[in-house]
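Have a look at the structure below before the remarks.
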Amino acid sequence: MITIEFLGPIQKAPLTLEASSLRDVAEVLKQDSEMTQWLENCAVAVNDTLVASLDTPLKSGDKVSLLPPVCGG
Amino acid sequence: MITIEFLGPIQKAPLTLEASSLRDVAEVLKQDSEMTQWLENCAVAVNDTLVASLDTPLKSGDKVSLLPPVCGG
Amino acid sequence: MLELYEGGLNVPEIITRWYAEEAQFNYGAYIPFIGTVREEDGIDGLSFDVYEPILNGWFDAWQSKAEALGAKLKMAHSRGDVLVHQSSYIAAVFSPKRRVALETIEKFVEDFKVSAPIWKYDLRGGQRLYAADRSTPILGAGILGEKQ
Amino acid sequence: MLELYEGGLNVPEIITRWYAEEAQFNYGAYIPFIGTVREEDGIDGLSFDVYEPILNGWFDAWQSKAEALGAKLKMAHSRGDVLVHQSSYIAAVFSPKRRVALETIEKFVEDFKVSAPIWKYDLRGGQRLYAADRSTPILGAGILGEKQ
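Listed below in structure tokens is the structure:
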């Protein structure tokens, strides 16, 4: 099982699901109409490290974080 | 009569002389061997405004200042 | 050093403490950048969410880059609500030399704006509204939305 | 505003007072650049001569340029002796926006180095030695040495 957490303005409780790569995560989130506006502009971190590929493998216990557009300062 | 003042590291007392342009000032200062090292790297101000031409006219009472290379900060 | 505070920053305390902390390390240039909440469009203030684990990693990577140039970085940021005319952000560089300090503070502040995992909200009439139009996707964002 | 002081600057007093002075003017960015005397080549400190009439004119011209961008400049500098690890120079910009602040502080500080009528001396073994090798002729210098 992996955990997905939604940061900042995404008002959504964490999800727990089975996934072996980010591709599986994308499949699940695309079914969620609330998430449509976020998938195209969110960065993704696995265990708090930003990743650049959908092929990033996942193992049980991993944490996937979605980071929407930022504006610090 | 005009006055010439020497700023910063130029260890020289002010001079008073007759001059109708900076060209006259240059003629006089070139006779002064102490000034050789400074004439080529000093900027010149007339009445506290920097000037760019030897043809700058001077009138009685004007103050000419020589500003050697700077390093503030 | 990265410092997070609830609410507006105590700017005098922070910028003078940082100056004192580095006084004996022979830096020739110190440049703090102080960001203050502007009164505009009728907002009461701004509010911030900060995701600390990734912010720390981003900051540590920048600190390593600065150290390679002989420089040092410090940063302070607010969480939660910051009213207009209060400050929410300080980024600072110490460096032996002027050029490195000027170049580093500019790059650090600009990268902060597009990379640091911090989310901004307008405070308006008791509501906290995500500042979507002023926000920037992090470099590499969007992979989950790719056609497969 | 341009402030000259005998000896080293009271940096905490100056940078916090400036921050307070501008607190109600709705600037979004404040960047002070603080220059400190480094211990190097065995010097005891630096010493400065300042020619105030032309410095004021130079500063006023910069202030006008900054105002055209909605920004404001402040500066403090030492006269006389400043020992190692003391500060001799603060330049600061206030601006509504980040980009103008970052660009203006860089240009202002760089132009200061080659234009402000200030002369630097090394303090070494009780002597005050002109720092000729680190000094820059002001733009347009040399007219008195031209062949006629």
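Order-wise, the sequence lines are chains S, P, F and G.
Those letters in the first sequence? Residues 78 to 150, per the numbering used here, in order.
Those letters in the second sequence? Residues 78 to 150, per the numbering used here, in order.
Those letters in the third sequence? Residues 46 to 193, per the numbering used here, in order.
Those letters in the fourth sequence? Residues 46 to 193, per the numbering used here, in order.
Built from N, CA and C at the ideal position, the CB exists for glycine as well.
Decide if the stretch 51–60 of chain F is in contact with the stretch 121–130 of chain F; the criterion is three or more beta carbon pairs, one per stretch, under 8 Å apart. Under the 8 Å Cβ criterion, the stretch 51–60 of chain F counts as touching the stretch 121–130 of chain F, having at least three qualifying pairs.
Please return the same chain residues whose Cβ sits closer than 8 Å to the Cβ of Leu116 of chain S, not counting the five positions on each side in sequence. For this step, residue 116 of chain S is matched to residue 39 along the first sequence. Result list for Leu116 of chain S: Ala103, Leu106 and Lys107, in chain order.
Residue of G:Arg144, G:Lys158, G:Arg173 and G:Val159 minimising C-alpha distance to Tyr75 of chain G: What you label residue 75 of chain G is simply residue 30 of the fourth sequence in a count that begins at 1. For Tyr75 of chain G, the nearest C-alpha among the options comes from G:Arg144.
Look at the alpha carbon of Lys192 of chain F and the alpha carbon of Arg169 of chain F, and state the distance between them as a whole number of angstroms. The sequence position of residue 192 of chain F within the third sequence is 147, counting from 1. The sequence position of residue 169 of chain F within the third sequence is 124, counting from 1. So the two alpha carbons sit approximately 38 Å from each other.
Please determine if the stretch 90–97 of chain G and the stretch 83–98 of chain F are in contact, where contact requires at least 3 C-beta pairs separated by less than 8 Å. The stretch 90–97 of chain G vs the stretch 83–98 of chain F: no contact.
What is the rounded straight-line gap between the Cα of Gln131 of chain F and the Cα of Val56 of chain G? Against the third sequence, residue 131 of chain F aligns to sequence position 86. Against the fourth sequence, residue 56 of chain G aligns to sequence position 11. Each residue's alpha carbon lies about 21 Å from the other.
For Phe153 of chain F, which residues in the same chain have their Cβ closer than 7 Å to its Cβ, ignoring the five residues on either side in sequence? Within the third sequence, residue 153 of chain F is the residue found at index 108, counting from 1. Closer than 7 Å at the Cβ level, and outside the excluded window around Phe153 of chain F, lie Trp107, Leu118, Ala136 and Val138.
Per-residue burial, Asp167 of chain G [other beta carbons within 10 Å of its own, 16 or more giving buried]: Residue numbering aside, residue 167 of chain G sits at position 122 when the fourth sequence is read from its first letter. Classification for Asp167 of chain G: buried.
Outcome for Gly73 of chain G when other beta-carbon atoms lying within 10 angstroms are tallied against a minimum of 16: Working through the fourth sequence from its first residue, we reach residue 73 of chain G at position 28. Gly73 of chain G is buried by the Cβ-count criterion.
Reduced DSSP category for Gly52 of chain F - H, G, I as helix; E, B as strand; rest coil: Working through the third sequence from its first residue, we reach residue 52 of chain F at position 7. If DSSP states are grouped into helix, strand and coil, Gly52 of chain F belongs with coil.
Buried versus exposed, by CB contacts within 10 Å (16 or more), Gly165 of chain G: To locate residue 165 of chain G, count along the fourth sequence from 1; it is residue 120. According to the sequence provided, residue 165 of chain G is Lys. The question's Gly does not apply to it. The residue in question, Lys165 of chain G, is buried, as its Cβ has 16 or more Cβ neighbours within 10 Å.
Does the CB of Arg143 of chain F have a neighbour CB from chain S at under 8 Å? By 1-based counting over the third sequence, the position of residue 143 of chain F is 98. Arg143 of chain F does not count as touching chain S.
Chain F contact residues for Gln69 of chain G, given Cβ-Cβ distances below 7 Å: Within the fourth sequence, residue 69 of chain G is the residue found at index 24, counting from 1. Contact of Gln69 of chain G with chain F by beta-carbon distance below 7 Å involves His130.
Among F:Ala176, F:Ala146 and F:Asp178, nearest to Glu112 of chain F - alpha-carbon criterion: To locate residue 112 of chain F, count along the third sequence from 1; it is residue 67. Comparing Cα positions, the closest option is F:Ala146.
Helix, strand or coil: which one does DSSP assign to Tyr72 of chain F? As a first step, residue 72 of chain F must be located in the third sequence, where it is residue number 27. In the three-state scheme derived from DSSP, where H, G and I count as helix and E and B as strand, Tyr72 of chain F is classed as coil.
What first and last residue would you give for the alpha helix (DSSP H) that runs through Asp105 of chain G? Mapped onto the fourth sequence, residue 105 of chain G falls at position 60. Asp105 of chain G -> alpha helix (DSSP H) spans Glu97 to Ala113.
Please name the residue in S:Leu99, S:Leu94, S:Met112 and S:Thr126 whose C-alpha comes closest to that of Ile188 of chain F. Residue mapping note: residue 188 of chain F aligns to position 143 of the third sequence, counting from 1. For Ile188 of chain F, the closest C-alpha among the options S:Leu99, S:Leu94, S:Met112 and S:Thr126 is that of S:Leu99.
Along the chain, where does the alpha helix (DSSP H) containing Leu147 of chain F start, and where does it finish? The residue given as residue 147 of chain F occupies position 102 in the third sequence. In the DSSP assignment, Leu147 of chain F falls within the alpha helix (DSSP H) that extends over Arg143 to Ser160.
Measuring CA to CA, which of F:Val129, F:Glu58 and F:Tyr64 is closest to Thr81 of chain G? Here residue 81 of chain G corresponds to residue number 36 of the fourth sequence, with the count starting at 1. Out of F:Val129, F:Glu58 and F:Tyr64, F:Tyr64 has the C-alpha closest to the C-alpha of Thr81 of chain G.
Chain-ordered chain F contacts of Tyr50 of chain G [CB-CB under 9 Å]: Residue 50 of chain G sits at position 5 when you count from the first residue of the fourth sequence. Ordered by position in chain F, no residue passes the 9 Å Cβ test against Tyr50 of chain G, which lies about 17 Å from the chain.
Close-in-space but distant-in-sequence residues of the same chain around Leu84 of chain P (CB under 8 Å, 5 per side omitted): Numbered from 1 along the second sequence, position 7 holds the residue referred to as residue 84 of chain P. Beyond the five residues adjoining it in sequence on each side, Leu84 of chain P comes within less than 8 Å, by CB distance, of Ser142, Leu143, Leu144 and Pro145 in the same chain, given in chain order.
Closer than 8 Å to chain G by CB, Gly90 of chain F: Within the third sequence, residue 90 of chain F is the residue found at index 45, counting from 1. At least 8 Å separates the CB of Gly90 of chain F from every CB of chain G.
Taking only three categories from DSSP, how would you classify Gly146 of chain S? For the purposes of this step, residue 146 of chain S is identified with residue 69 of the first sequence, where counting begins at 1. Looking at the sequence itself, residue 146 of chain S is Pro, so the reference to Gly does not match. DSSP places Pro146 of chain S in coil when its eight states are reduced to three.
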